[in-house]
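Chemist:
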Amino acid sequence: MEEVRAKLKARTDAYNSGDLEEYRKSRYALRRAISSAKRQYRDKVESHYKGSNTRSMWAGLKTLTDYKKKISSAEVMSASLPDELNTFYARFESTSPAVEVQKAQEDHCPPVITRADVCRTLKRINTRNGSWT
């Protein structure tokens, strides 16, 4: 890593100096140093998989994927949480079967449309369009 930083500084200095040939050489050296550092890191990570140390393997995977453990809210549970959950889910339950029968009967009734409703709706539609009154 230090080698890459040194090559990066050399490239920046060459750019600032204005020497085009030195800049090209330092840029090439920087690319080689970056490739070498990547290769070394890859070998290091692969050695975790080939070895028997699973802890370092998982640590490497977490580093590669940038995994952060989620903070669990279960640790901050209050004593009233079970009561709150019971109240929340109990709202779906009906206490009397008569209410359920009444709701079922209301659901099966066909809609009632009167002649006056139809005329009123047609007048409203036609006056908006400006055609039939």
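In terms of full-length UniProt numbering, the sequence shown has 1 at position 1, counting the first letter as 1, and numbering is strictly consecutive. Backbone N, C-alpha and C define an ideal beta-carbon position, used for all residues, glycine too. Because the structure is a prediction, the values reported are computed rather than measured.
May I ask you to report which of helix, strand or coil DSSP gives residue 92?
Modeler: The residue labelled residue 92 in the question sits at position 92 within the sequence shown. Three-state DSSP puts residue 92 in coil, outside helix and strand.
Chemist: With a 10 Å radius around its C-beta and 16 neighbouring C-beta atoms as the bar for buried, classify residue 115 as buried or exposed.
Modeler: What you label residue 115 is simply residue 115 of the sequence shown in a count that begins at 1. Exposed, by the Cβ-count rule.
Chemist: Can you tell me which of 82, 29, 21 puts its alpha carbon nearest to the alpha carbon of residue 8?
Modeler: Locating residue 8 in the sequence shown gives position 8, where the first residue counts as 1. It is 29 whose Cα lies nearest to the Cα of residue 8.
Chemist: State the Cα-Cα distance for the pair residue 35 and residue 15, rounded to the nearest angstrom.
Modeler: As a position in the sequence shown, residue 35 is number 35, starting the count at 1. As a position in the sequence shown, residue 15 is number 15, starting the count at 1. Approximately 21 Å, taken between the alpha carbons.
Chemist: Enumerate in chain order the residues of its own chain whose CB-to-CB distance from residue 119 is below 6 Å, with the five nearest sequence positions on each side excluded.
Modeler: Position 119 of the sequence shown, counted from the first residue, corresponds to residue 119. Here the set comprises nothing.
Chemist: Mark residue 26 as exposed unless 16 or more other C-beta atoms lie within 10 angstroms of its C-beta, in which case mark it buried.
Modeler: Against the sequence shown, residue 26 aligns to sequence position 26. Result: buried.
Chemist: Just to confirm before moving on: does the CB-CB distance between residue 31 and residue 23 stay below 8 Å?
Modeler: Residue mapping note: residue 31 aligns to position 31 of the sequence shown, counting from 1. Residue mapping note: residue 23 aligns to position 23 of the sequence shown, counting from 1. No.
Chemist: Have a look at residue 44 and residue 19 and give me their C-alpha separation to the nearest angstrom.
Modeler: Looking up residue 44 in the sequence shown gives position 44. Looking up residue 19 in the sequence shown gives position 19. Answer to the nearest angstrom: the Cα atoms are 37 Å apart.
Chemist: What do you get for residue 33, buried or exposed, if any count of 16 or more other CB atoms within 10 angstroms of its CB means buried?
Modeler: Indexing the sequence shown from 1 puts residue 33 at position 33. Counting Cβ neighbours within 10 Å, residue 33 comes out buried, since at least 16 surround it.
Chemist: Could you check where the alpha helix (DSSP H) with residue 1 kicks off and where it finishes?
Modeler: Residue numbering aside, residue 1 sits at position 1 when the sequence shown is read from its first letter. Note, residue 1: premise wrong, no alpha helix (DSSP H); not H, not E.
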